[in-house]
Amino acid sequence: MSKSCIYRPGLDLSDKQYVFVTIQTLSRDANLAALAPDLFDYMLIDEVHKAGAATYQKVIDHFKPDFLLGMTATPERTDGFNIYELFDYNVAYEIRLQEALDEDMLCPFMYYGVKDIELDGQLLDETSDFSQLVADNRVNHLIEKVTYYGVSGQTVKGLIFCSRKDEAHELSHKLNERGYRTQALTGEDSQEVRQDVVARLEAGDLDYILTVDIFNEGIDIPSVNQVIMLRNTEASIIFIQQLGRGLRKHDSKEFVTIIDFIGNYKNNYLIPIALYGARSMNKDEYRRKLVNRQQLSGMTTINFEAVAREQIFSSIKQTKLSSMKNLKEAYIEMRNRKGRVPRLMDFLLEDSLDPIIFFEGSLKHYGQVIDKFEEDVDFPSSKELDQFLQFICEELLPGKRPHEIWLMKRLVEGQGDLDKEA
Numbered sequence: 005m006s007k008s009c010i011y012r013p014g015l016d017l018s019d020k021q022y023v024f025v026t027i028q029t030l031s032r033d034a035n036l037a038a039l040a041p042d043l044f045d046y047m048l049i050d051e052v053h054k055a056g057a058a059t060y061q062k063v064i065d066h067f068k069p070d071f072l073l074g075m076t077a078t079p080e081r082t083d084g085f086n087i088y089e090l091f092d093y094n095v096a097y098e099i100r101l102q103e104a105l106d107e108d109m110l111c112p113f114m115y116y117g118v119k120d121i122e123l124d125g126q127l128l129d130e131t132s133d134f135s136q137l138v139a140d141n142r143v144n145h146l147i148e149k150v151t152y153y154g155v156s157g158q159t160v161k162g163l164i165f166c167s168r169k170d171e172a173h174e175l176s177h178k179l180n181e182r183g184y185r186t187q188a189l190t191g192e193d194s195q196e197v198r199q200d201v202v203a204r205l206e207a208g209d210l211d212y213i214l215t216v217d218i219f220n221e222g223i224d225i226p227s228v229n230q231v232i233m234l235r236n237t238e239a240s241i242i243f244i245q246q247l248g249r250g251l252r253k254h255d256s257k258e259f260v261t262i263i264d265f266i267g268n269y270k271n272n273y274l275i276p277i278a279l280y281g282a283r284s285m286n287k288d289e290y291r292r293k294l295v296n297r298q299q300l301s302g303m304t305t306i307n308f309e310a311v312a313r314e315q316i317f318s319s320i321k322q323t324k325l326s327s328m329k330n331l332k333e334a335y336i337e338m339r340n341r342k343g344r345v346p347r348l349m350d351f352l353l354e355d356s357l358d359p360i361i362f363f364e365g366s367l368k369h370y371g372q373v374i375d376k377f378e379e380d381v382d383f384p385s386s387k388e389l390d391q392f393l394q395f396i397c398e399e400l401l402p403g404k405r406p407h408e409i410w411l412m413k414r415l416v417e418g419q420g421d422l423d424k425e426a
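Residues in the sequence shown are numbered from 5 upward in steps of one, following my numbering.
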């Protein structure tokens with residue numbers, strides 16, 4: 005008899021060691037009432053970044069396991085819920101994209117940032133209307149690029165992420181007219197329809213599935229060997245989620261091809277943040293990473309066409325990366341991670357915001373940062389203290405003359421005499 009099962013109401017679990025269940029089923033009042041709070045010794049919650057939702061909270065509040073483990077690829081949240089607090093700030097293991105590639109846990113990818121189509125001398129942007137998104141010239145441009153960059157494997161099995169539902173449906177129609185086998189899927193399609201279309205792609209009966217965002221998470225298609233991005237990068241988390249649809253290893257492919265059609269989008273600066281895991285908001289760092297062809301790990305490479313690269317440079321130049329919104333998000337995320345008021349050094353050690361970025365605007369020292377973003381903490385202030393902290397943040401933090409910092413450290417620690425050490 006199997007020791008595992010998929011839960012359904014009324015099922016006898018007395019001889020089962022491993023029980024699998026969806027949050028939708030488990031969160032129903034009748035199902036929770038039928039299960040004792042101490043029934044499970046060990047609970048593992050996948051996609052735990054959703055734990056702030058009422059359904060997840062009902063389940064977590066009901067059960068009292070000996071050990072609770074959460075798994076997520078996107079712990080950084082934008083809804084204000086603190087995932088780290090839920091687990092008493094215990095991070096058992098953390099691995100980012102670069103490390104996972106180094107450890108051969110993911111399929112290598114070849115990323116190509118290419119220029120989207122120009123219509124009337126202008127690249128597509130956020131204001132482009134429907135007729136421009138599905139113009140024949142754009143469809144032909146799409147076919148030209150996906151053919152040129154190709155796939156690993158005998159046949160293409162691809163996902164195309166579009167900016168809107170009607171675009172996905174119309175592009176699917178036009179690709180089918182040109183001999184491709186494609187199907188558009190949106191949130192309006194039932195789970196049964198989605199599963200059927202995915203099965204057809206895996207079986208080789210479809211070349212592409214076109215969608216908007218229903219495949220960002222919760223979908224597993226290991227044989228996907230090409231991912232095409234035809235939309236603006238709205239958030240680095242979404243970018244990685246969509247790129248990740250092709251990163252499952254599979255015998256039919258050596259690598260996955262990622263083709264990102266880059267238009268004149270304001271959010272293009274998010275592309276290097278997502279690809280390189282670079283959260284520093286340091287414009288010089290992003291420019292350096294974009295200059296040359298990059299090899300992340302093994303076969304994984306990042307390449308940009310010249311015009312596409314210039315679009316990203318332009319976005320970086322025009323965007324205020326040190327905006328109060330970005331500073332607050334970085335600060336709150338670090339506070340959530342640490343469970344306390346973060347130290348300036350925490351941002352450096354955690355490869356987060358470059359500490360210097362805090363002081364490119366109106367904030368002059370870290371005490372003002374704490375005052376700005378903490379509701380229950382009053383940082384002491386005086387004219388002399390403010391001047392001293394501002395001196396440290398402006399003169400010492402950039403580290404342009406590190407010997408001065410070393411000398412000051414020796415003096416503070418009483419290890420040297422000013423006349424002798426100077």
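Here a beta-carbon is modelled for each residue, glycine too, at the ideal position from N, C-alpha and C.
Distance CB(residue i)-CB(residue j) smaller than 8 Å
i	j	result
K342	D350	yes
Y269	A282	no
S176	K257	no
L210	R185	yes
I147	R182	yes
D120	L127	yes
I361	S318	no
Y88	D70	no
L348	R249	no
L506	C111	The question about residue 506 has no answer here: the residues shown for the chain are numbered 5 through 426.
M109	T305	no
Selection from the options that minimises the alpha carbon distance to residue i
i	options	result
A207	A282, Q245, K161	K161
P41	I361, K68, T29, K376	K68
I262	L214, S240, I275, M233	M233
N220	E238, D209, I49, R204	E238
Y153	V118, T186, I164	V118
R313	C166, R235, L15, P276	P276
D390	P402, R405, K404, Y370	Y370
L353	S284, L137, C9	S284
D50	D358, R405, F24	F24
I336	L73, H53, G84, G14	G84
F91	E103, Q199, L48	L48
E122	D288, R414, L137	L137
V484	P384, T304, Q322, V295	A question about residue 484 goes unanswered here, because the residues of the chain that appear run from 5 up to 426.
Q315	D129, A55, F44	D129
Contacting residues, own chain, Cβ-Cβ under 6 Å from residue i (five flanking each side not counted)
i	result
S301	L105, D106
L429	The requested residue 429 does not occur in the structure, where the chain is confined to residues 5 to 426.
F243	T237, A278
P72	The displayed chain sequence assigns Leu, not Pro, to residue 72. Only M47 meet the Cβ criterion.
M1	No statement about residue 1 is possible, as the shown extent of the chain runs from 5 to 426 and does not include it.
I241	T78
For residue i, the three-state DSSP class (helix, strand or coil)
i	result
E425	Because the pLDDT of E425 is 48, which lies under 50, any placement of that residue in the model is unreliable, and the number read from its coordinates should be weighed accordingly. Looking at E425 - three-state DSSP - the assignment turns out to be helix.
D382	coil
Q245	helix
K324	coil
N307	strand
Y46	strand
D224	coil
C166	coil
S8	strand
A207	helix
V260	strand
Through-space distance from residue j to residue i, alpha-carbon basis
i	j	result
T26	V95	24 Å
I64	R12	19 Å
D224	V202	9 Å
Y60	D33	12 Å
P384	K332	20 Å
Q322	N271	10 Å
L30	L43	13 Å
S135	N330	34 Å
G222	E417	54 Å
F308	E378	41 Å
H254	Q102	19 Å
Residue i beta carbon near the ligand COA (any heavy atom closer than 7 Å)
i	result
C166	Absent from the structure shown: the ligand COA. Ligands present: none.
Beta-carbon proximity list for residue i, same chain, < 7 Å, skipping 5 on both sides
i	result
T190	K169, A172, T215, V216, I218
K7	K20, Q21, Y22
Q246	F165, N220, V231, M233
H53	T76, T78, P79, R81, I87
R198	L189
K376	L367
K287	I320, L325
A426	Residue placement at A426 is poorly supported in this model, since its pLDDT is 46, which falls under 50; the coordinates still yield a value, given next. Excluding residues within five positions, none has a Cβ falling inside 7 Å.
Residues near residue i by beta carbon distance below 8 Å, same chain, minus five either side
i	result
C9	L15, L17, K20, Y22, V23, F24
D382	D375
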